[in-house]
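In this note's numbering, the protein residues as written are 13 to 343.
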């Protein structure tokens, strides 16, 4: 049994790969690059392929299947980059990973606090030795209503963290989580958007919630509200968000993820012309924070991501299966 790892980071993941390979008896090889026409063949002879979010569309899956790959082992919680229907048709089994939700949750709360205190403008002007107070007044998060969209493990962790600040918390999720009972009040999306000073996203990206925040829903938010996204870039219509920031309908946006971030985040693009106008516009705004999809990035998370790749492969190979298997609905 062998796994081929794409996009392996030698500075943090490799040591864990060596450790868990020894512990499980599963071999591995790797490339630091993304899978592509020039590197698909690297996986020949491997039963499993491990990837971070990247193109796992039907043609890519067929190519790997032709090489003998039977297991797709995502080193991420999200799996919206995988064509699950094609994987099911090919008989390829797919698994994701989990890691402690506190890392992303803490990062989301950090972004809320930074946005509330106008940190972008404050630091930029301090760098220019402008130490005045004008235009830098902040909000007290304790006086805010925070709307949490998605109350799975990460959303629930955010709610628990926020409860210590004493703010009012609204939650929206078709599946209610008993863990947040007494900490948050469930509400429909429209009411949550209308009443919240801060809206934070903690849900998977699906076809149904693509551009969950769009021109219509952004217009339904409380004027000047703060938008936080540490989930998936596809949840927000970026052009609509830019328009809402320009009009003042949205007062601040703190985004760890962005539409069309592929090919940018996790690459060293110093000296390159970045062909992403929306990113350029957002970076120019004094009321926007952009971070390069790093909310997850803690030592504990990296260890869990690698560990579960080996554990999931072992479960598939032994026939025992894994709780992390993801399937196409209806398959």
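No residue lacks a Cβ here, since even glycine has one placed at the ideal position from N, Cα and C.
Host beta strand (DSSP E) of residue 83 (start-end): 83-86
Residue 188 to residue 247, Cα distance in whole Å? 20 Å
Unbroken stretches of the beta strand (DSSP E), 3 residues or longer, contained in the region 59-123: 60-63, 83-86 and 105-107
If we call anything under 8 Å between Cβ atoms a contact, is residue 171 one with residue 196? yes
What is the DSSP secondary structure of residue 324, counted as helix, strand or coil? helix
For residue 99, which of 38, 112 and 83 has the nearest alpha-carbon? 83
Just the C-alpha distance for residue 89 and residue 312, rounded to the nearest angstrom, thanks. 14 Å
According to DSSP, is residue 269 helix, strand or coil? coil
CB-CB under 6 Å to residue 168, same chain, minus the five flanking residues each way: which ones, in chain order? 189, 191 and 192
Is the region 323-334 touching the region 290-306 in the sense that three or more CB pairs, one from each, lie closer than 8 Å? no
Can the beta-carbon of residue 121 be found less than 8 Å from the beta-carbon of residue 161? no
Cβ-Cβ distance between residue 242 and residue 271 below 8 Å: no
So residue 13 packs on residue 39, CB below 8 Å; how close in whole Å? 7 Å
Counting Cβ pairs, one atom from each stretch, are 3 or more of them under 8 Å apart for the region 261-277 and the region 288-298? yes
Output yes or no for whether 8 Å exceeds the beta carbon distance between residue 61 and residue 16. yes
Quick one, are the C-beta atoms of residue 86 and residue 63 less than 8 Å apart? yes
At the level of alpha carbons, what is the spacing between residue 133 and residue 148? 7 Å
So the candidates are 342, 307, 325 and 217; which of them puts its Cα closest to the Cα of residue 113? 307
Put residue 281 into one of helix, strand or coil per three-state DSSP. coil
Compare the C-alpha of residue 296 against each of 234, 96 and 254 and name the closest. 254
Which same chain residues end up closer than 8 Å to residue 232 when comparing Cβ atoms and leaving out the 5 residues on each side of it in sequence? 202, 205 and 206
Going residue by residue through the region 289-326, where are the continuous beta strand (DSSP E) segments of at least 3 residues, counting only ones entirely within it? 300-302
Ordered along the chain, which non-local residues of its own chain (more than five positions away) have a Cβ less than 6 Å from that of residue 220? none
My understanding is that residue 81 touches residue 91, with C-beta atoms under 8 Å, so please give their C-beta distance in whole angstroms. Their Cβ separation, rounded to whole angstroms, is 16 Å, which puts residue 81 and residue 91 out of contact at 8 Å.
Go ahead and pull the three-state DSSP assignment for residue 210. strand
Within its chain, find whatever has a CB closer than 7 Å to the CB of residue 263; leave out the 5 residues flanking it on each side and keep chain order. 236, 237, 238 and 299
Within 10 angstroms of the Cβ of residue 286, are there 16 or more other Cβ atoms? Answer buried if so, exposed if not. exposed
Start-end ranges of the beta strand (DSSP E) lying completely within the region 180-231, minimum 3 residues: 180-184 and 210-213
Considering just the uninterrupted stretch of the beta strand (DSSP E) at residue 15, what are its terminal residues? 14-17
Beta-carbon spacing of residue 347, residue 41 below 8 Å: Lying outside 13 to 343, the shown extent of the chain, residue 347 is not represented and no answer is given.
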